[in-house]
Amino acid sequence: MCLLAVLVPLLLLAAPQARAADADSVRIYRCTSSSGAVALQNTPCDNGRQQVLDMQRPKDPPPRAAAPEPARPAPAPAVREIRIVGVQPPQPMYECVSADGDRYTSDTDEGNPRWVPAWVQGHVVGRPRPGPAYPPPARPGRPDGLVSGVIVPYGSVLVRDACHALPQREVCARLSDRRWELIRRYNSALQSEREQLVREQRGIEARMEQDCGGT
1 MCLLAVLVPL
11 LLLAAPQARA
21 ADADSVRIYR
31 CTSSSGAVAL
41 QNTPCDNGRQ
51 QVLDMQRPKD
61 PPPRAAAPEP
71 ARPAPAPAVR
81 EIRIVGVQPP
91 QPMYECVSAD
101 GDRYTSDTDE
111 GNPRWVPAWV
121 QGHVVGRPRP
131 GPAYPPPARP
141 GRPDGLVSGV
151 IVPYGSVLVR
161 DACHALPQRE
171 VCARLSDRRW
181 ELIRRYNSAL
191 QSEREQLVRE
201 QRGIEARMEQ
211 DCGGT
């Protein structure tokens with residue numbers, strides 16, 4: 001009776017601690033029978049001696065923090081492709097008008113410079129002096145179609161026609177007209193003339209391909 005009076009209070013005091021420990025620990029009972037056999041179990045021993053072992057329940061390790069994603073490399077700057085395109089300006093064409101009112105085309109603004117007798121232009125006054133005369137030297141940087149040092153008759157003057165540049169659209173139209181004219185002339189031309197017509201036609205077509213878009 002005295003022993004029970006002592007154990008009951010002790011059990012009451014230990015009960016809350018046992019319940020609190022249930023969540024994190026496991027209680028194992030070590031039972032020893034009268035014959036000395038030892039058994040481990042999770043329930044109290046029926047009889048005989050017992051030893052109570054409170055063992056820590058194994059816990060899963062805390063979740064590992066997710067490894068940060070590696071920083072993505074910055075995209076390489078776009079490479080700008082630089083192209084240098086050389087554009088050749090169209091070859092100009094000039095329309096020239098002679099003193100007689102005749103119109104013709106020329107690839108330079110010099111037209112068709114030529115020496116003519118001065119009396120034709122009304123420049124000769126008085127008696128001409130005998131002897132050859134030379135044309136004035138060519139102006140530097142301007143092809144005038146004349147060769148310096150050519151002997152011309154005395155009393156001649158250099159005549160230059162008035163020339164002006166044609167719009168590119170007009171240039172292409174005249175080249176097209178000239179090409180069709182050469183095609184019409186080819187059928188009735190002599191064999192020696194045909195080669196010259198073919199060369200001129202090829203030159204016109206190459207110029208139209210470059211300056212007129214091939215039209």
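Residue numbers (UniProt numbering): 1 to 215.
Quick reminder that beta carbons are idealized off the backbone N, C-alpha and C, glycines included.
Item: The region 170-183 in contact with the region 45-64 per 3-pair CB rule at 8 angstroms; Value: no
Item: Supposed close pair C96, G111 - CB separation, criterion 8 angstroms; Value: 4 angstroms
Item: Per DSSP, the bridge partner or partners of M55; Value: V26
Item: Cβ neighbour criterion (16 or more within 10 Å) applied to M55; Value: exposed
Item: Chain-order list of residues whose beta-carbon lies under 7 angstroms from that of R178 (same chain, five-residue window excluded); Value: I204
Item: Contact set for R27: own chain, Cβ-Cβ below 6 angstroms, skip 5 residues either direction; Value: D54
Item: Check whether Q168 and D102 have beta carbons under 9 angstroms apart; Value: no
Item: Start-to-end residues for the beta strand (DSSP E) that takes in Y186; Value: First-last for Y186: Q168 to S188, but that is the alpha helix (DSSP H), not the beta strand (DSSP E).
Item: Start-to-end residues for the alpha helix (DSSP H) that takes in S35; Value: Here S35 belongs to no alpha helix (DSSP H), and DSSP marks it neither H nor E.
Item: Burial state of D60 (16 or more Cβ within 10 Å); Value: exposed
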